[in-house]
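Novice: Quick one: the structure is below, and I'll ask about it shortly.
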Amino acid sequence: MLSAAALQARHAALIGVLSGDGELDVNNLDLSVSPAAVDLRVKVPGGLAGHQVSLRYFEKYVRSGTGWVLVEYVFLLSWQNGLGQYEYHWHPFRWSGDQAIFHVHCQPLRGARGYYRSHPLTLEEARADLLRRYATGGPVDCTGLYALDLA
Amino acid sequence: MDQFEHKAFYSPAEVALILDVSHSYVTDSIREGRIAAIHLSPRVQRVAYGTLMALLERPLPVRRRRMTPAEIEAVSQTLRDEDVPAPVRRYATR
Chain A
21 MLSAAALQAR
31 HAALIGVLSG
41 DGELDVNNLD
51 LSVSPAAVDL
61 RVKVPGGLAG
71 HQVSLRYFEK
81 YVRSGTGWVL
91 VEYVFLLSWQ
101 NGLGQYEYHW
111 HPFRWSGDQA
121 IFHVHCQPLR
131 GARGYYRSHP
141 LTLEEARADL
151 LRRYATGGPV
161 DCTGLYALDL
171 A
Chain B
-17 MDQFEHKAFY
-7 SPAEVALILD
3 VSHSYVTDSI
13 REGRIAAIHL
23 SPRVQRVAYG
33 TLMALLERPL
43 PVRRRRMTPA
53 EIEAVSQTLR
63 DEDVPAPVRR
73 YATR
């Protein structure tokens, strides 16, 4: 749980870090009402190869007592030219009730979108991972992931 | 018109060329934390586009908007309604 001041400070720090990655679109964090969202979208130029990507970091917080609790997130990397998409999600489904489920959406080049098991990670960890995936070159690789519905 | 390619990441050598400084100045600056870089491996670093533009004193624009609580809940609802298969239980439960 974060205090309002800590969440505001974190939001400002994230804007500073992510503005180094590309053109940033920021949701102004409004802590006068609940829920509140950190929603930061980054557009990255693709150079001569035309490999433009967009990244989105979405966190939903709800007020709890005097603080704010993270209850959902989506961190995603999307190639604009169809090289694929990789997303870390943590949120409930219709079949999970109120329980949020960690999972990955992975769509490789010329492949179907798949749903895989995942683990908790922070926005900062997701940023490092997604940028590394992009920097090491596309297309998206979904090998080594465990299907969410695997028995 | 810029004389360099606009892309996501630049090697230290490319940054040195664009900034017209030495390669060692860039690598030293990365090591000392004066230039933010992404470490692909212990020996391979890349500088992101926005960081380079800030070094050129041309920071990228930051657009601002405001999501209402209803818009935030709409995102949650869209995520909840995703057609994602439920995990199969590995063991039977009583």
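Here the protein sequences line up with chains A and B, keeping their order. My numbering puts the first residue of the first sequence at 21, with every later residue one more than the last. My numbering puts the first residue of the second sequence at -17, with every later residue one more than the last. Think of the CB as a built atom: it goes at the ideal place given N, C-alpha and C, for glycine as much as any other residue. These figures come from a predicted structure and were not determined experimentally.
Going by the beta-carbon positions, is the gap between A/Y166 and A/R137 smaller than 7 Å?
Specialist: yes
Novice: Does DSSP put B/L(-1) in a helix, a strand or coil?
Specialist: helix
Novice: Using CA atoms only, rank isn't needed, just tell me which of A/A57, A/V62, A/N48 and A/V46 is closest to A/V89.
Specialist: A/A57
Novice: Could you tell me which residues DSSP pairs with A/I121 in its beta bridges?
Specialist: A/H111
Novice: With a cut-off of 8 Å on the beta carbons, I'd call B/F(-9) and B/A30 a contact; round off their distance for me.
Specialist: 6 Å
Novice: Where does A/R133 sit, in a helix, a strand or coil, going by DSSP?
Specialist: coil
Novice: Spatial neighbours of A/A171 within its chain, please: CB distance less than 8 Å, with the 5 preceding and 5 following residues excluded, ordered by chain position.
Specialist: With a pLDDT of 46 at A/A171, under the threshold of 50, the predicted position of this residue should be treated as unreliable, though the coordinate-derived value follows. Excluding residues within five positions, none has a Cβ falling inside 8 Å.
Novice: Since I believe A/H71 is in contact with A/L103 (beta carbons under 8 Å), could you give me their beta-carbon distance rounded to a whole number of angstroms?
Specialist: 7 Å
Novice: Please list, in chain order, the chain C residues whose beta carbon lies closer than 8 Å to that of A/R76.
Specialist: This model lacks chain C altogether; the protein chains it does include are A and B.
Novice: Mark A/W115 as exposed unless 16 or more other C-beta atoms lie within 10 angstroms of its C-beta, in which case mark it buried.
Specialist: Burial state of A/W115 is exposed, judged by a 10 Å Cβ sphere holding fewer than 16 other Cβ atoms.
Novice: Spatial neighbours of A/R61 within its chain, please: CB distance less than 6 Å, with the 5 preceding and 5 following residues excluded, ordered by chain position.
Specialist: D45 and R76
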